[in-house]
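A.B. asks:
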Amino acid sequence: GAVVSQHPSWVICKSGTSVKIECRSLDFQATTMFWYRQFPKQSLMLMATSNEGSKATYEQGVEKDKFLINHASLTLSTLTVTSAHPEDSSFYICGSSTDTQYFGPGTRLTVL
Amino acid sequence: AQSVTQPDIHITVSEGASLELRCNYSYGATPYLFWYVQSPGQGLQLLLKYFSGDTLVQGIKGFEAEFKRSQSSFNLRKPSVHWSDAAEYFCAVGARGNEKLTFGTGTRLTIIP
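Chains Z and F, in that order, give the protein sequences. Everything in the first sequence is counted per the working numbering, starting at 244 for the first residue and increasing by one. Everything in the second sequence is counted per the working numbering, starting at 37 for the first residue and increasing by one.
#1: For E135/F, count the other beta carbons within 10 Å of its own beta carbon; 16 or more makes it buried, fewer makes it exposed. Which is it?
#2: For a contact defined as C-beta to C-beta under 9 angstroms, what are the partners of T141/F on chain Z?
#3: Are there three or more Cβ pairs, one per stretch, closer than 8 angstroms when the region 327-341 of chain Z is compared with the region 257-267 of chain Z?
#4: Helix, strand or coil for Q38/F, going by three-state DSSP, please let me know.
#5: Which whole-angstrom value is the C-beta distance of L354/Z and A315/Z, which I expect to be below 8 angstroms?
#6: Using C-beta distances below 7 angstroms, list every residue in its chain close to V356/Z, excluding the 5 sequence neighbours before and after it, in chain order.
#7: Output needed for W119/F: all residues of its chain with C-beta closer than 8 angstroms, excluding positions within five of it in sequence on either side, in chain order.
#8: I'd like the list of long-range same chain contacts for L319/Z, defined as Cβ closer than 6 angstroms, with 5 residues on each side in sequence excluded.
#9: Interface residues of chain Z around L57/F at Cβ under 7 angstroms?
#10: In chain order, what are the residue ranges of uninterrupted beta strand (DSSP E) at least 3 long that sit wholly in the region 257-341 of chain Z?
#11: Kindly list, in the order they appear in chain F, the residues whose Cβ is closer than 9 angstroms to that of P329/Z.
#12: So what's S248/Z in DSSP terms, helix, strand or just coil?
#13: Could you tell me which chain F residues have their CB closer than 7 angstroms to the CB of T275/Z, listed as they occur along the chain?
#14: Could you give the first and the last residue of the continuous beta strand (DSSP E) run that contains S62/F?
#15: Got a sec: is the Cβ-Cβ distance from P251/Z to anything in chain F below 8 angstroms?
#16: Relative to chain Z, which residues along the region 114-127 of chain F have a C-beta separation below 7 angstroms, given in chain order?
#17: Can you have a look at F282/Z and say buried or exposed, based on whether 16 or more other CB atoms are within 10 angstroms of its CB?
#18: Please determine if the region 48-63 of chain F and the region 113-130 of chain F are in contact, where contact requires at least 3 C-beta pairs separated by less than 8 angstroms.
#19: Which residues in chain F have a C-beta closer than 7 angstroms to the C-beta of Q272/Z? List them in chain order.
#20: Mark A65/F as exposed unless 16 or more other C-beta atoms lie within 10 angstroms of its C-beta, in which case mark it buried.
#21: Determine which residues of the region 69-92 of chain F have a Cβ less than 9 angstroms from any Cβ of chain Z, and write them out in chain order.
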């Protein structure tokens, strides 16, 4: 139980394009979903928290117009990186939570 | 503000030896504590969690952790490590299980034959 999927697992895009990452809780309904960014050999940095049907709450320093989060249902949240640039290249991980946070396998984004 | 300290950046252990990974937290109320493991290029897998009750909690893969309120610690232990345990280990603390977590910087575990 408590399986979280992310799609795609790996994406390469050109600078200036937008990329959408999906996060799904497959066998449970998540009251809250979280989006993290992880740089090589570093810990997870929380970007935003989202609840179904509500606007996401962004952490300080995270551009909400650049990282668009939609939480359409209790099992699906999406992160769209708009007008991506090379500095947005990173490993993005979602967390889905009921009383415990479970994580997706991550999406590696490379912006050329 | 809540914080988590994992004092050991990298630990090397021989296969079959015992393991203890340290975690100290700072939190104003009763903490919810977690240990996660991450293999390279993968997401995080929950090893175990502490919400309340028995301070010694058992997790998956033979891991256990002990909550010591007086020391603000939640150390992870395993009596005999396997080569497959080589990974990055993260300790985390939160207000409730479904609220945002604060992670430590992680401890990288290397297993030698």
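Each residue gets a CB set at the ideal place from its N, CA and C atoms; glycine is no exception.
C.D. replies: In this structure, then:
#1: exposed
#2: Q285, S286
#3: yes
#4: coil
#5: Correcting the residue type first, residue 354/Z is Val in the shown sequence and not Leu. Going by Cβ atoms, the distance from V354/Z to A315/Z rounds to 25 angstroms, so no, they are not a contact pair.
#6: Chain Z is shown only over 244 to 355; residue 356/Z falls outside these bounds and no answer can be derived.
#7: E51, I147, P149
#8: R267
#9: Going along chain Z, no residue has its Cβ under 7 angstroms from L57/F, so there is no contact; the nearest lies around 14 angstroms.
#10: 262-268, 275-281, 287-294, 310-316, 319-324, 333-340
#11: Correct list: empty, because the minimum Cβ distance to chain F is about 20 angstroms.
#12: Strand.
#13: N134
#14: 60-62
#15: no
#16: F126
#17: exposed
#18: The region 48-63 of chain F and the region 113-130 of chain F touch, with no fewer than 3 CB-CB distances between them shorter than 8 angstroms.
#19: Residues of chain F with a Cβ closer than 7 angstroms to the Cβ of Q272/Z do not exist; the shortest Cβ-Cβ separation is about 12 angstroms.
#20: exposed
#21: Within the region 69-92 of chain F, the residues whose Cβ lies closer than 9 angstroms to some Cβ of chain Z are F70, Y72, Q74, G77, Q78, G79, L80, Q81, L82, K85, F87, listed in chain order.
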